[in-house]
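K.L.:
Protein chains: 2
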Amino acid sequence: MDLNKLDDKPIFPIRTAAELLKISIPTLRLYEKEGLIIPHKTNSNQRAYSKHDLERIECIRKSIKKSKISINGIKAMLAMIPCWQIIGCSDLDRDNCISYSDSSKPCWAHKHDNGVCATNECRECTVYKDFSECSKVKETIQNIGK
Amino acid sequence: MDLNKLDDKPIFPIRTAAELLKISIPTLRLYEKEGLIIPHKTNSNQRAYSKHDLERIECIRKSIKKSKISINGIKAMLAMIPCWQIIGCSDLDRDNCISYSDSSKPCWAHKHDNGVCATNECRECTVYKDFSECSKVKETIQNIGK
DNA sequence: ATATGTTGATATTTATAATTATCAACAATG
DNA sequence: CATTGTTGATAATTATAAATATCAACATAT
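These protein sequence lines map, in sequence, to chains A and B. Under the numbering used here, the first sequence has 692 at position 32, and the numbering climbs by one with no breaks. Under the numbering used here, the second sequence has 690 at position 30, and the numbering climbs by one with no breaks.
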């Protein structure tokens with residue numbers, strides 16, 4: 661098996677994740693409610709975090725604590741991700757998509773009724789997985805024109 | 661004379677601006693220090709605000725108060741503006757430009773040593789003038805690919 | 001089946017961003 | 001030249017976002 665995939669395995673229950681990150685459980689739930697993180701859910705609806713999830717959360721934390729960007733600020737910044745370009749939406753899907761016009765939160769925080777996003781798992785999507793910080797978003801914006 | 665240009669005339673001293681906006685003078689100075697606004701300066705370094713300046717500040721205020729985006733959040737979001745595309749930088753100028761890679765504040769909050777931006781007045785630049793809110797930034801990101 | 005951990009929701013506390021007040025030095029106005 | 005407004009800087013205050021605590025109901029594990 662590909663050993664890199666281990667880091668994607670959701671093996672940590674919420675308490676362990678909180679201990680490893682040195683934050684409280686309600687904070688983890690808050691970030692999720694705000695759409696900054698999408699942990700895996702078990703059959704019985706219990707959260708499970710992977711190593712990559714933890715890294716993502718540390719990144720979010722840095723934005724809040726060091727860069728002083730509010731949660732809504734992070735959401736607004738992530739809303740600038742040109743997801744339609746990344747996943748290659750059809751023009752129709754794109755124009756019908758809420759997240760194409762919305763600038764308040766990232767695409768994965770929206771309920772999608774049409775297009776690929778309606779069926780795909782956001783947690784597994786490149787758009788979600790690749791973007792948790794400003795620099796990555798800007799990098800992508802730079803590359804659209806090329 | 662073009663009557664529309666009147667709205668760009670910097671005719672309000674800081675006290676008047678503060679009264680019209682119902683905020684304090686130090687707040688206006690803060691927004692400027694953070695690079696969210698560039699008022700005109702008289703020969704003796706006194707600030708003067710135009711009607712458009714006031715509208716811009718109201719827009720900023722809405723982001724802070726209603727959208728709950730922190731000042732640093734607004735700056736991060738504005739750092740996503742593809743300014744090099746808008747003003748049509750040469751590839752060389754672009755690659756040498758700080759604001760091309762930086763994702764912490766908008767281009768006009770940087771000191772520019774090379775390119776057009778070194779000589780131009782940011783206050784007069786389309787990039788500064790057109791962008792004070794998220795939706796305009798996203799609109800522009802949408803249009804790059806087209 | 002009893003311990004321990006989870007869920008979502010609400011209430012509370014804490015941290016800190018945003019705003020304002022105050023200051024001496026300088027500018028404008030009449 | 002006296003009045004009123006400005007400048008930047010620092011200190012104090014206020015507002016509120018972020019984090020945490022608490023809860024009953026449900027899940028897991030031994």
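All C-beta atoms in this analysis are idealised placements derived from N, C-alpha and C, irrespective of residue type, glycine included. These numbers come from a predicted model, not from an experiment.
#1: Run through chain B and tell me which residues come within less than 8 Å of residue 801 (chain A), C-beta to C-beta.
#2: Just checking: is the beta-carbon of residue 728 (chain A) within a distance shorter than 7 Å of some beta-carbon in chain B?
#3: Can you pull the chain B residues whose beta carbon is under 9 Å from the beta carbon of residue 705 (chain A), in chain order?
#4: Mind checking if residue 732 (chain B) is an interface residue toward chain A, Cβ cutoff 7 Å exclusive?
#5: If we count the other Cβ atoms within 10 Å of its Cβ and call it buried at 16 or more, is residue 732 (chain B) buried or exposed?
#6: Do residue 709 (chain A) and residue 677 (chain A) have their C-beta atoms within less than 7 Å of each other?
#7: Start and end of the alpha helix (DSSP H) containing residue 707 (chain B)?
#8: Assuming the contact rule is C-beta atoms closer than 8 Å, residue 683 (chain A) and residue 675 (chain A) should be a hit. Round their C-beta distance to whole Å, please.
#9: Quick check on the burial criterion: 16 or more other C-beta atoms within 10 angstroms. Buried or exposed for residue 739 (chain B)?
#10: Check the Cβ of residue 797 (chain B) against every Cβ in chain A and list those closer than 8 Å, keeping chain order.
#11: Taking the continuous alpha helix (DSSP H) assigned at residue 737 (chain A), which residues delimit it?
#12: Considering residue 801 (chain B), what are the terminal residues of the alpha helix (DSSP H) in which it resides?
#13: Do residue 743 (chain A) and residue 797 (chain A) have their C-beta atoms within less than 7 Å of each other?
#14: Kindly indicate the opening and closing residues of the alpha helix (DSSP H) around residue 756 (chain B).
#15: Can you tell which of A:775, A:747, A:707, A:805 has the C-alpha that lies nearest to the C-alpha of residue 758 (chain A)?
#16: Of all Cβ atoms in chain A, is any one closer than 7 Å to the Cβ of residue 769 (chain B)?
#17: What does residue 794 (chain B) reach in chain A if we use C-beta pairs closer than 8 Å?
#18: Let me know if residue 800 (chain A) comes out buried or exposed under the rule of 16 or more other beta-carbons within 10 Å of its beta-carbon.
#19: Looking only at C-alpha atoms, which of A:760, A:794, A:692 sits nearest to residue 707 (chain A)?
#20: Can you tell which of A:747, A:783, A:714 has the C-alpha that lies nearest to the C-alpha of residue 671 (chain A)?
#21: If residue 730 (chain B) sits next to residue 730 (chain A), beta carbons under 8 Å apart, how far is it from one beta carbon to the other, in whole angstroms?
#22: Grab the span of the alpha helix (DSSP H) containing residue 783 (chain B) for me, first residue to last.
#23: Could you tell me the distance, in whole angstroms, from the CA atom of residue 725 (chain B) to the CA atom of residue 719 (chain B)?
#24: Around the C-beta of residue 748 (chain A), are 16 or more other C-beta atoms found within 10 angstroms, so that it is buried, or is it exposed?
#25: Could you work out which residue in A:695, A:723, A:804 is closest to residue 783 (chain A) when comparing CA atoms only?
#26: Measuring alpha carbon to alpha carbon, tell me which of A:805, A:673, A:792, A:663 ends up nearest residue 734 (chain A).
P.N.:
Considering the structure as presented:
#1: 740, 742, 801, 804
#2: yes
#3: Under the 9 Å cutoff, chain B gives no residues; its nearest Cβ is about 29 Å from residue 705 (chain A).
#4: yes
#5: buried
#6: yes
#7: Here residue 707 (chain B) belongs to no alpha helix (DSSP H); instead the beta strand (DSSP E) covers 707–709.
#8: Residue 683 (chain A) to residue 675 (chain A), Cβ: 11 Å. No contact.
#9: buried
#10: 740, 763
#11: 731–738
#12: 794–804
#13: no
#14: 751–756
#15: A:775
#16: no
#17: 736, 739, 740, 763, 764
#18: buried
#19: A:692
#20: A:714
#21: 4 Å
#22: Run containing residue 783 (chain B): none; DSSP gives neither H nor E here.
#23: 10 Å
#24: exposed
#25: A:695
#26: A:792
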